[in-house]
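Per this note's numbering, residue 408 is the first one in the sequence shown, and the count goes up by one each step.
A virtual CB, placed ideally from N, CA and C, is assigned to each residue, including glycine.
Beneath this line is the structure, given in structure tokens, with notes to follow.
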Amino acid sequence: MTLKKHKDPIKFGLFISVMCALYKSLLCFLRRFSDNDKINASVAGFVSAFAILLDAKSRRMMIALIFFARALDALVTMLERRGIIKKYDYFEVLLWNIMITFNQYTVSYEADVMNPTFLKFQHRFSQMTKNDILLCDLWAKSLLIQQGKNN
């Protein structure tokens, strides 16, 4: 087993470890000087975000999207607790379905805008054959041609 062969997973693990350790330690340090956890958490989060520089550049967009989804979830929870928006049963499931629908649309019709590694994962996960991918591509092109004629 060589280190060179496993460089990418090691970088990712290092990034996650440093980010978590930096956040927790900085938050603990800041609590010694201030009781305002809103500011403490914001500063610790901002500083710990620089740990992303340790990870591969090719993965940064995917990590940003994952963190963005988590931030949206936190925002919705905060708005519900403050009574700004009404809490709906199974809202998370509805939101997840919307995101999956968007994701499948981009995989099928806008594949060029997706991260190549994620696209490869999606194709493997969906067990699409090369013929299925070609069929989706032809279908999307025919829809675009029809829309162009109707406009």
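| Check | Outcome |
| --- | --- |
| For F419, which residues from the same chain have a beta carbon less than 8 Å from its beta carbon, with the 5 sequence-adjacent residues on both sides left out? | D462, A463 and R466 |
| Which of the three DSSP states is assigned to T484 in this structure? | helix |
| What are the start and end residues of the alpha helix (DSSP H) that includes I505? | F498 to Y516 |
| Looking at the unbroken alpha helix (DSSP H) that takes in K445, where does it start and where does it end? | D444 to S455 |
| Determine the extent of the alpha helix (DSSP H) in which S441 is found, giving its start and end residues. | Run containing S441: none; DSSP gives neither H nor E here. |
| When the Cα of L542 is compared with those of L434, Y516 and I473, which residue comes out closest? | Y516 |
| So, using beta-carbon positions, are S455 and L429 closer together than 7 Å? | yes |
| Check this for me: beta carbons of A458 and M506, under 7 Å apart or not? | no |
| Taking its Cβ as the centre, do 16 or more other Cβ atoms sit within 10 Å of A451, making it buried, or is it exposed? | buried |
| Evaluate N447 with the Cβ neighbour count: other Cβ atoms within 10 Å of its Cβ, from every protein chain shown; 16 or more gives buried, anything less gives exposed. | buried |
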